[in-house]
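Data first, discussion second: the structure below is written as structure tokens.
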Amino acid sequence: MKPKRVILCPNPYRDSELKVCRQSRDMLESLGMQTSVCLPFQREGYGEELGLSMRPLQQEIRQADLLIAFGGDGTILHLARTVALHSVPVLGVNLGSLGFMSELEVNELDRLRDLAQGRFTVESRMMLDVSVLREGRQVYNNIALNDAVVSKGSIARVVRLDIFTEEGRLTKVGGDGIIVSTPTGSTGYSMAAGGPIVEPTAKNLLLTPICPHSTRSSSYVLSPEHIITVEAADANRKFVYLSVDGGKAFSLKNGDQVRVSTSKYTTRLVRLSKKSFCEILDKKMGTEASKK
């Protein structure tokens, strides 16, 4: 089905002069689509000085059929909560480095014409519900497309974490922290920490220790029905933080329980090509290796 209303979300630090956004807007409007430009995050003076009127994202998303993110995976992650809550599919145009979630490179903008013919598919990616319970009361909640990370501050040497599921204790981790990720997040921080690469459309919960101080510590791949609880016994003596999809850190205290489970919300990614995940992975990793 052809989208009628399309939001263009340029990362102001990636598309600094709005060239890619403007080119895409002109093409989509020539194909009969209505467009509006919304910033994923603010940059002073950006937009108006470049001759494009910016609209509030939270207002425009209510009537949108599609959102196009111009940036890297970080831009999509920043928008993931908003598009998921409104069930709006997102198409990524990669202006960053690897861009595992982005569908198009900047030299492939002509593929946007496929939208007008309905020649695309929508891929559903699982998300995580992340909350913090403090003395039985919820003091934090969020949803994540990539991961939830419980880690030490810059001062602490080692944090000790107890990991449970609803069935009982799973493991103890001593080190820099733990990553709970989705299959989409398996190619992000989790992979850098030595975790497995999982096909992004799979339904699994991944646990990956960060720089563990034991050779017995390893990654876990769990079924999506589990509820994972992370506790930091010495959070009062050391700085321990929770960060969701690389966002603002939330400081944890003794007795806090970080709970992570499969969310009812999903991120819907638009696909224009028929490339398999293996092809994409091989190309992205090969390109990155060639830069070294």
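For the working numbering, count along the sequence shown from 1 and bump the result up by 3. Note that the Cβ used here is the ideal one computed from N, Cα and C, for glycine as well.
* Asked: Which residues in the same chain have their Cβ closer than 8 angstroms to the Cβ of residue 86, if we skip the five residues on either side of it in sequence?
  -> Numbered from 1 along the sequence shown, position 83 holds the residue referred to as residue 86. Around residue 86, the same chain offers 64, 70, 92, 93, 270, 271 as residues with beta carbons nearer than 8 angstroms, after the five sequence neighbours per side are excluded.
* Where residue 82 falls, given that 16 or more other Cβ within 10 Å makes a residue buried -> The residue labelled residue 82 in the question sits at position 79 within the sequence shown. In summary, residue 82 is buried, with 16 or more beta-carbon neighbours lying within 10 Å of its beta-carbon over all protein chains present.
* Among 73, 45, 145, nearest to residue 110 - alpha-carbon criterion -> Residue 110 sits at position 107 when you count from the first residue of the sequence shown. If we check each option's Cα against that of residue 110, 73 comes out closest.
* List the residues that DSSP assigns as beta-bridge partners of residue 181. => Translated into positions along the sequence shown, residue 181 becomes position 178. When DSSP reads this structure, residue 181 sits in a beta bridge with 153, 212.
* Would you call the CB atoms of residue 153 and residue 180 closer than 7 angstroms? -> Locating residue 153 in the sequence shown gives position 150, counting from the first residue. Locating residue 180 in the sequence shown gives position 177, counting from the first residue. A Cβ-Cβ contact shorter than 7 angstroms links residue 153 with residue 180.
* To do: Determine the DSSP secondary structure at residue 292, reduced to helix, strand or coil.
  => Along the sequence shown, one-based indexing puts residue 292 at 289. Unreliable positioning characterises residue 292 in this predicted model, as indicated by a pLDDT of 45, which lies under 50. The coordinate reading is nonetheless provided below. Helix at residue 292.
* Asked: Would you say residue 118 and residue 27 are within 7 angstroms of each other, going by their C-beta atoms?
  -> Locating residue 118 in the sequence shown gives position 115, where the first residue counts as 1. Locating residue 27 in the sequence shown gives position 24, where the first residue counts as 1. Not a contact, by the Cβ cut-off of 7 angstroms.
* To do: Under 6 angstroms Cβ to Cβ from residue 252, same chain only, skipping five residues before and after it: list those, please.
  => Residue numbering aside, residue 252 sits at position 249 when the sequence shown is read from its first letter. Shown here for residue 252: same chain residues with a beta carbon closer than 6 angstroms to its own, the five before and five after excluded, namely 244, 246 in chain order.
* To do: Would you check if there are 3 or more beta carbon pairs closer than 8 angstroms linking the segment 188-198 to the segment 153-172?
  => These segments do not touch.
* Asked: Candidates 44, 32, 6: which alpha carbon is nearest residue 13's?
  -> Here residue 13 refers to the residue found at position 10 of the sequence shown. The shortest C-alpha separation from residue 13 is found at 44.
* Just checking, does the segment 99-106 make contact with the segment 208-220 on the three C-beta pairs under 8 angstroms criterion? -> Of all C-beta pairs linking the segment 99-106 to the segment 208-220, fewer than three are shorter than 8 angstroms, placing the two stretches out of contact.
* Would you mind giving the Cβ-Cβ distance between residue 149 and residue 204, rounded to the nearest angstrom? I have them listed as a contact below 8 angstroms. => Indexing the sequence shown from 1 puts residue 149 at position 146. Indexing the sequence shown from 1 puts residue 204 at position 201. In fact, because the Cβ distance is near 15 angstroms, the residues do not count as touching under 8 angstroms.
* To do: Give every residue of the same chain whose Cβ lies closer than 6 angstroms to the Cβ of residue 224, excluding the five residues on either side of it in the sequence, and list them in chain order.
  => Here residue 224 refers to the residue found at position 221 of the sequence shown. Exclusion of the five residues before and after residue 224 leaves 207, 209 as the residues of its chain whose Cβ lies within less than 6 angstroms of its Cβ.
* For residue 204, which three-state DSSP category applies? -> Numbered from 1 along the sequence shown, position 201 holds the residue referred to as residue 204. Of the three classes helix, strand and coil, the one that applies to residue 204 here is coil, per DSSP.
* Is the CB-CB distance between residue 76 and residue 266 below 7 angstroms? -> The residue you call residue 76 lines up with position 73 of the sequence shown. The residue you call residue 266 lines up with position 263 of the sequence shown. No, they are not a contact pair.
* Asked: With distances taken between CB atoms, is the gap from residue 200 to residue 190 smaller than 7 angstroms?
  -> Residue 200 sits at position 197 when you count from the first residue of the sequence shown. Residue 190 sits at position 187 when you count from the first residue of the sequence shown. Closer than 7 angstroms, so yes.
* Assuming residue 238 contacts residue 259 under a Cβ cut-off of 8 angstroms, what Cβ separation, rounded to an integer in Å, is found between them? -> As a working mapping, residue 238 is identified with position 235 in the sequence shown. As a working mapping, residue 259 is identified with position 256 in the sequence shown. With a Cβ gap of about 6 angstroms, residue 238 and residue 259 count as contacting.
* Asked: Can residue 283 be considered in contact with the ligand FMN, in the sense that its beta carbon sits closer than 6 angstroms to one or more heavy atoms?
  -> The ligand FMN is not part of the structure shown, which contains no ligands of any sort.
* Do you know whose CA, among 138, 88, 145, 241, lies nearest residue 156's CA? -> One-based indexing of the sequence shown puts residue 156 at position 153. Of the candidates 138, 88, 145, 241, the one whose C-alpha sits nearest the C-alpha of residue 156 is 241.
* Own chain, CB closer than 7 angstroms to residue 134, minus 5 neighbours either side, in chain order -> Along the sequence shown, one-based indexing puts residue 134 at 131. Excluding positions up to five away in sequence, the list reads 141, 143, 144, 262.
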